[in-house]
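**Q**
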Amino acid sequence: MQIDRWLPFASMLVTAIFAAAVLRRYVRRRRPYLLFWGLGLVFYGLGAFAEFYSTLAWSPLVFRLWYIGGALLTAAWLGQGTVFLLVRRGRIAFYLMVLLLIGSALAVIVMFNTPLNAGAFSPDRPLSVQYKTDREAGIVGILPEGALVRKLTPIFNLYGTVALVGGAIYSSWIFWRKRILPNRMIGNILIAVGALSPAFGGTLSRLGMPEFLYISELLGAVLMFIGFLQATAVPEAAPSPRPSRA
Amino acid sequence: MSRKGHPPHRAPEGSFLYDRLVPIVLVVLFALFLLISLIALAIGLGLLGI
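Going down the list, the protein sequences come from chains A and B.
Counting in my numbering, the first sequence runs from 20 upward without gaps.
Counting in my numbering, the second sequence runs from 721 upward without gaps.
#1: Can you check which of these residues, A:Arg83, A:Val81, A:Gly165, A:Gly59, is closest to A:Leu120 by C-alpha distance?
#2: Taking Cβ-Cβ distances shorter than 7 Å, what residues in chain A pair up with B:Ile759?
#3: Can you say whether A:Asn207 is buried or exposed, counting buried as having 16 or more other CB atoms within 10 angstroms of its CB?
#4: Give the secondary structure of A:Ile161 by DSSP, where H, G and I count as helix, E and B as strand, and everything else as coil.
#5: Can you give the Cα-Cα distance for A:Glu155 and A:Ala166, rounded to whole angstroms?
#6: Step through the CB atoms of chain B and report whether any lies within less than 8 Å of the CB of A:Met204.
#7: Can a CB atom of chain B be found closer than 8 Å to the CB of A:Gly186?
#8: Under 8 Å, with one C-beta from each stretch per pair, do the stretch 106-125 of chain A and the stretch 198-215 of chain A reach the 3-pair mark?
#9: Near A:Ala187, which residues of its chain fall below 6 Å by C-beta distance, leaving aside the five closest residues on each side in sequence?
#10: Just the C-alpha distance for A:Val129 and A:Ser73, rounded to the nearest angstrom, thanks.
#11: Can you find the residues in the same chain that come closer than 6 Å, C-beta to C-beta, to A:Phe37, ignoring five residues on each side of it along the sequence?
#12: For a contact meaning CB atoms closer than 8 Å, what does A:Pro173 contact in chain B?
#13: For B:Asp739, name the three-state secondary structure that DSSP assigns.
#14: Please confirm if A:Val127 has its CB atom under 8 Å from at least one CB of chain B.
#15: Straight-line CA distance for B:Leu755 to A:Trp77?
#16: Under the assumption that A:Tyr178 contacts A:Ala95 (Cβ atoms under 8 Å), give the Cβ distance between them as a whole number of angstroms.
#17: If we call anything under 8 Å between Cβ atoms a contact, is A:Phe82 one with A:Leu26?
#18: Assuming A:Pro217 and A:Glu236 make a contact with CB atoms under 8 Å, what is their CB distance in whole Å?
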């Protein structure tokens, strides 16, 4: 279906521009959280690219990149960025990053050692509809039933969602409580809503409703980008207390 | 403090944004956040059988 081709294409474009903006800011400011957000967005874009490519042709490499980028690592590394932004005590953020790095490397190894059933692939259906096998329901998918990599997904996504969404809600709550910086408060709310969107899309997909995944990814990318622009915008200068010369 | 050294401007009392809209949005967001985290936890623990 055409829409299943163009939704991931649009997500890919938005995340590419978003990642470029975040990484450009990292180059200027050298803050680690920007680097990890940028990395998370690269995974996001990689997942969207794989979804788009898979509407054209089959590639085991692209399928693996889709699962690694889209399902496993995006939320976790975006969340890691937020951990670096908010957790300043000791070296907690650094140790969590090391754990995530080891976990990610193991997950990539597991994914590349998982056999794929190319016969279950069709370019006419989104990957989210055809990746899983459920023999009880008579569904034969690309990944084998009980694949270890599917058991790893919730761990990464739980960490990412708690850190990214929880961090954005916490930040907006701080600005709301202090009644300051409305642009950052609204920006963080948009980031939280945007991050929740693919989290719900992924969960619904897991619960047997995969048709919402692609639209939730596009919506999430757009909202997070607007939230990021809003949160990083320089607020308008307050009126000068000096009397006018007129 | 802002970058120019002035304290950030505080929203006035009775502000629609700070006193009405954002509190509701934050409560709804937090509820959705708890829901999605609990579902992910349940999936991770194998409680949903998927």
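For glycine and all other residues, C-beta sits at the position ideal for the given N, C-alpha and C.
**A** Inspection of the coordinates gives the following:
#1: Nearest C-alpha to A:Leu120: A:Gly59.
#2: Within chain A, the residues near B:Ile759 are Thr222.
#3: Classification for A:Asn207: buried.
#4: Coil at A:Ile161, not helix or strand.
#5: Their Cα atoms are separated by approximately 15 Å.
#6: True, the Cβ-Cβ gap to chain B drops below 8 Å.
#7: Interface with chain B (8 Å Cβ-Cβ cutoff): A:Gly186 is excluded.
#8: No contact exists between the stretch 106-125 of chain A and the stretch 198-215 of chain A.
#9: Same-chain partners within the cutoff: Asn207, Ile210, Ala211.
#10: Cα to Cα, the separation comes out at about 21 Å.
#11: The residues Leu60, Phe244, in chain order, have a CB closer than 6 Å to that of A:Phe37 in the same chain once the five nearest residues on each side in sequence are set aside.
#12: Listed along the chain, the chain B residues whose CB falls inside 8 Å of the CB of A:Pro173 are Ala760, Leu761, Ile763, Gly764.
#13: Residue state, collapsed to three classes: helix.
#14: With 8 Å as the cut-off, A:Val127 does not count as an interface residue toward chain B.
#15: When rounded, the distance between both Cα atoms is 35 Å.
#16: Correct: roughly 5 Å between the Cβ atoms.
#17: Not in contact: A:Phe82 and A:Leu26 (Cβ atoms no closer than 8 Å).
#18: Going by Cβ atoms, the distance from A:Pro217 to A:Glu236 rounds to 5 Å, so yes, they are a contact pair.
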